[in-house]
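Residue numbers (full-length UniProt numbering): 1 to 296.
Only one structure is covered here, and it is reproduced in the block below.
What follows is the structure, encoded as structure tokens:
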């Protein structure tokens with residue numbers, strides 16, 4: 001038993017003591033560098049493209065290195081198989097990426113509104129499919145909505161042109177490209193409620209916009225809560241921008257600036273009486289009380 005144990009120790013010592021005199025060639029190290037860089041890729045289509053591209057290069061270099069040694073048939077087989085799988089995945093991801101490309105208007109909309117929020121092209125593709133990829137046009141001086149008449153049945157984003165917003169014939173503000181046309185109206189109603197516009201929207205020039213129908217968009221929200229959160233963030237940010245533009249222009253007849261975030265009574269100007277040095281008149285019941293107190 002002791003001799004067997006000693007033989008095993010000697011065998012282990014003999015194997016571990018035989019180190020190669022020369023390091024592996026540059027192709028071996030290049031292969032591992034490529035594989036290391038490949039695993040540094042992120043998520044999403046572009047992250048997959050990055051990862052499989054470097055993995056393919058890495059396994060290709062490993063295949064060349066394994067081929068140079070006739071005693072590494074199994075190593076060559078495995079590295080070549082991994083190289084083929086990486087190339088196949090690269091082609092598959094490239095095809096999927098090409099299948100989710102969009103028209104120029106929708107690509108601009110993605111770059112301006114959704115890309116900065118980290119929305120993937122896959123989720124954005126579902127958003128585009130919800131509106132069926134349609135681009136609508138409004139000619140100059142035509143109306144998108146009329147106060148008290150047009151029903152609130154969609155959510156729309158202006159792609160080009162300029163929209164004038166008025167109420168009772170008075171100008172409120174403009175709507176510019178990549179702003180919602182009806183964000184306040186959308187946010188004011190629950191999914192089961194109906195309503196009409198309280199403002200008029202007229203095109204100052206030829207405009208293009210994209211619109212999502214309320215029912216189809218709410219169905220999309222029910223399936224994808226992530227998309228619902230993205231739209232909620234975009235709509236509320238758009239409403240805040242519109243309120244800020246209104247607040248910057250709102251003055252009353254006395255020159256006081258209205259703050260639309262606060263109740264209207266906070267902005268009532270001081271009475272004209274308080275602006276003069278004349279004493280305030282004393283009510284009659286106060287005079288009678290003072291007379292009775294001063295009587296003996």
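Where is the CB? At the ideal position from N, CA and C, for every residue including glycine.
Counting along the chain, where does the beta strand (DSSP E) carrying residue 210 start and finish? 207-213
Assess, as a yes-or-no matter, whether the stretch 178-192 is touched by the stretch 152-169 under the definition of 3 or more beta carbon pairs within less than 8 Å. yes
Which residues mark the beginning and the end of the beta strand (DSSP E) in which residue 137 is found? 136-138
Mind the definition here: the stretch 195-206 touches the stretch 138-148 only if three or more C-beta pairs lie below 8 Å; say whether that holds. yes
Using C-beta distances below 6 Å, list every residue in its chain close to residue 218, excluding the 5 sequence neighbours before and after it, in chain order. 191
Give me the residue from 111, 212, 152 with the minimum Cα distance to residue 184. 152
Closer than 6 Å by C-beta to residue 49: which residues in its own chain qualify, once you throw out the five before and the five after it? Chain order, please. 93
Beta-carbon spacing of residue 76, residue 88 below 9 Å: no
Helix, strand or coil: how does DSSP classify residue 236 here? helix
Distance between beta carbons of residue 79 and residue 63, contact taken as under 8 Å: 5 Å
Taking the DSSP output, what are the residues bridged to residue 173? 165
What is the residue span of the beta strand (DSSP E) that residue 196 lies within? Looking at the DSSP string, residue 196 is not in any beta strand (DSSP E), and its letter there is neither H nor E.
Applying the criterion that 16 or more other CB atoms from any shown protein chain within 10 Å of the CB defines a buried residue, is residue 86 buried or exposed? buried
Beta-carbon contacts of residue 167 that lie in its chain and below 8 Å, excluding the five residues immediately before and after: 147, 198, 199, 200
Taking DSSP as the reference, what is the three-state secondary structure of residue 116? helix
Going by DSSP, what residue range makes up the beta strand (DSSP E) through residue 145? 143-145
Let me know the secondary structure DSSP gives residue 149 once reduced to three states. coil
Going by beta-carbon coordinates alone, are residue 117 and residue 97 separated by less than 9 Å? no
Quickly, what does DSSP pair residue 245 with across the bridge? List them, please. None; residue 245 has no bridge partner.
With distances taken from CA atoms, which of 131, 112, 81, 187 is nearest residue 239? 187
Three-state secondary structure assigned by DSSP to residue 265: Caution applies to residue 265, whose pLDDT of 35 falls short of 50 and renders its modelled position unreliable; the model cannot decide the point.
According to DSSP, simplified to helix, strand and coil, what is residue 83? helix
My assumption, with CB atoms under 8 Å, is that residue 208 sits in contact with residue 130. Please give the rounded CB distance. Not a contact, Cβ separation roughly 18 Å.
Range of the contiguous alpha helix (DSSP H) that encloses residue 109: 104-109
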